[in-house]
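S.K.:
In our numbering, the protein residues as written are 7 to 386.
#1: Considering only their Cβ atoms, is the gap separating residue 214 from residue 199 smaller than 8 Å?
#2: Are the beta-carbon atoms of residue 174 and residue 93 separated by less than 8 Å?
#3: Might you give, ordered along the chain, the residues of its own chain that have their beta carbon closer than 8 Å to the beta carbon of residue 146, omitting 5 neighbours on each side?
#4: Can you give me the C-alpha to C-alpha distance between residue 378 and residue 53, rounded to a whole angstrom?
#5: Determine which residues share a DSSP beta bridge with residue 289 and list them.
#6: Could you check which residue in 237, 365, 172 and 293 has the C-alpha nearest to that of residue 223?
#7: Less than 8 Å between the C-beta atoms of residue 227 and residue 264, yes or no?
#8: Using the rule of at least 16 other Cβ atoms within 10 Å of the residue's Cβ for burial, across every protein chain shown, is residue 71 buried or exposed?
#9: Report the residue ranges of all beta strand (DSSP E) runs contained in full by the segment 179-222; include only those spanning at least 3 residues, in chain order.
#10: Put residue 358 into one of helix, strand or coil per three-state DSSP.
#11: Have a look at the DSSP bridge pairing and note the partners of residue 115.
#12: What residue range is occupied by the uninterrupted beta strand (DSSP E) comprising residue 257?
#13: Counting along the chain, where does the beta strand (DSSP E) carrying residue 136 start and finish?
#14: Run through DSSP, which three-state label would residue 232 get?
#15: DSSP beta-bridge partners for residue 170?
#16: Would you list the one or two residues that DSSP bridges to residue 337?
#17: Can residue 220 and residue 189 be called in contact, C-beta distance under 8 Å?
#18: Who are the near neighbours of residue 183 in its chain, counting only those whose CB is closer than 7 Å to its CB and skipping five residues on each side?
#19: Does the Cβ-Cβ distance between residue 252 and residue 277 come in under 8 Å?
#20: Assuming residue 134 and residue 112 make a contact with CB atoms under 8 Å, what is their CB distance in whole Å?
#21: In the DSSP assignment, what residue or residues form a beta bridge with residue 156?
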């Protein structure tokens with residue numbers, strides 16, 4: 007599962023080291039409305055810094071997942087594959103299992119070898135009792151696939167879009183990068199007037215109509231970061247969807263396939279200007295475009311309303327002099343990239359040291375979206 011390394015360390019990231027320095031019909035997934043939380047502005051940013059905990063942000067999502075399970079009268083099933091010998095991966099897999107089961111989700115954890123993982127995933131794709139599949143990565147690390155890309159990427163693309171609870175397969179990934187928010191499916195036409203007209207015209211084949219009512223899934227950890235920003239009212243809900251991060255600048259210190267790259271796309275698709283930082287270059291990302299810049303990490307951070315850091319290096323610490331007053335700082339690395347005591351000395355800063363509980367809440371959310379989109383007999 008890609009979110010494993012984002013709770014207990016990052017997965018395969020290209021970034022290794024930087025210089026220290028409302029009610030509805032059952033099943034309708036609604037936007038979670040958060041009570042107002044503090045947000046620094048030009049008039050109040052001298053207030054004290056605060057630590058933002060993940061638990062209260064995750065809570066309404068977990069409650070909504072439980073409500074959907076109750077409304078549908080089903081206990082959806084997820085199968086998780088653990089294919090490495092990492093003790094931290096084992097620990098996180100069991101924590102995920104415990105949390106999802108507490109919300110009414112059946113979770114089967116299968117330990118397998120890297121040799122058998124592809125076969126196991128394909129079998130799960132074909133198992134009608136399984137509603138969601140996740141894999142705890144990394145398994146192959148940077149090992150290349152015979153079919154191109156890394157072997158972990160190849161395994162991600164083996165998972166059916168109908169069961170990809172992490173939203174990381176090629177279908178969802180490419181839709182994200184093209185800012186396509188709904189799946190295009192074709193369903194048999196049931197309107198008898200249309201069918202009779204077709205028959206009168208000599209058309210006897212089954213007719214289909216285009217359906218774009220099913221929303222795409224988004225990767226769990228980047229989605230968790232977005233939901234945290236929504237809860238802190240960084241997203242402006244008075245603006246239309248797709249523009250709620252206008253006039254906001256975000257620096258994402260990570261460009262991995264499981265965090266930085268999708269998160270940058272999600273924020274840019276919502277109107278933000280994003281500095282995407284990797285070990286040897288820095289890009290500016292906005293909706294529909296990306297270009298390299300000569301700006302430094304320091305300059306990018308000093309311009310930013312939000313900084314997300316996910317550097318898988320215990321020696322990396324974000325230089326606190328680069329964080330301006332009132333900034334939201336989200337740490338997504340196992341080994342904190344931020345000096346907790348020091349950052350709390352910066353007025354108005356809101357510091358999120360852990361995102362794992364929100365990430366798992368997004369797994370439950372994604373699972374119910376899969377169930378709604380593909381496994382429920384009544385399409386909403």
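Beta carbons: idealized from backbone N, C-alpha and C, even for Gly.
What you are looking at is a predicted structure, and each value in this text was computed from that prediction instead of being measured.
M.R.: Once the coordinates are examined:
#1: Residue numbering aside, residue 199 sits at position 193 when the chain shown is read from its first letter. Residue numbering aside, residue 214 sits at position 208 when the chain shown is read from its first letter. Against a cut-off of 8 Å, the Cβ pair of residue 214 and residue 199 comes out as no contact.
#2: For the purposes of this step, residue 174 is identified with residue 168 of the chain shown, where counting begins at 1. For the purposes of this step, residue 93 is identified with residue 87 of the chain shown, where counting begins at 1. No.
#3: As a position in the chain shown, residue 146 is number 140, starting the count at 1. The answer, listed in chain order, is 120, 156, 157, 158 and 161.
#4: By 1-based counting over the chain shown, the position of residue 378 is 372. By 1-based counting over the chain shown, the position of residue 53 is 47. In a straight line, the C-alpha of residue 378 is about 43 Å away from that of residue 53.
#5: Here residue 289 refers to the residue found at position 283 when the chain shown is read from its first residue. DSSP output for residue 289 lists 282 and 298 as bridge partner(s).
#6: Taking the chain shown and counting its residues from 1, the one referred to as residue 223 is at position 217. Considering only alpha carbons, the answer is 172.
#7: As a position in the chain shown, residue 227 is number 221, starting the count at 1. As a position in the chain shown, residue 264 is number 258, starting the count at 1. Yes, Cβ-Cβ distance for residue 227 and residue 264 is below 8 Å.
#8: Indexing the chain shown from 1 puts residue 71 at position 65. Buried, by the Cβ-count rule.
#9: 188-194 and 214-221
#10: For the purposes of this step, residue 358 is taken as the residue at position 352 of the chain shown. Strand, per DSSP.
#11: In the chain shown, counting from the first residue as 1, residue 115 sits at position 109. Answer is 86, bridged to residue 115.
#12: The count along the chain shown starts at 1 and reaches residue 257 at position 251. Note, residue 257: beta strand (DSSP E), 255-259.
#13: Within the chain shown, numbered from 1, the residue matching residue 136 stands at position 130. Residue 136 -> no beta strand (DSSP E), and no H or E assigned at all.
#14: For this step, residue 232 is matched to residue 226 along the chain shown. Three-state DSSP puts residue 232 in a helix.
#15: Looking up residue 170 in the chain shown gives position 164. Answer is 139, bridged to residue 170.
#16: In the chain shown, counting from the first residue as 1, residue 337 sits at position 331. According to DSSP, residue 337 bridges with 315.
#17: Position 214 of the chain shown, counted from the first residue, corresponds to residue 220. Position 183 of the chain shown, counted from the first residue, corresponds to residue 189. In contact: residue 220 and residue 189 (Cβ atoms closer than 8 Å).
#18: Reading the chain shown from its first residue, position 177 is the one you call residue 183. Only 271 meet the Cβ criterion.
#19: Stepping through the chain shown from its first residue, residue 252 is reached at position 246. Stepping through the chain shown from its first residue, residue 277 is reached at position 271. Contact: yes.
#20: Position 128 of the chain shown, counted from the start, is the residue given in the question as residue 134. Position 106 of the chain shown, counted from the start, is the residue given in the question as residue 112. The Cβ separation is near 14 Å, so there is no contact.
#21: What you label residue 156 is simply residue 150 of the chain shown in a count that begins at 1. Answer is 150, bridged to residue 156.
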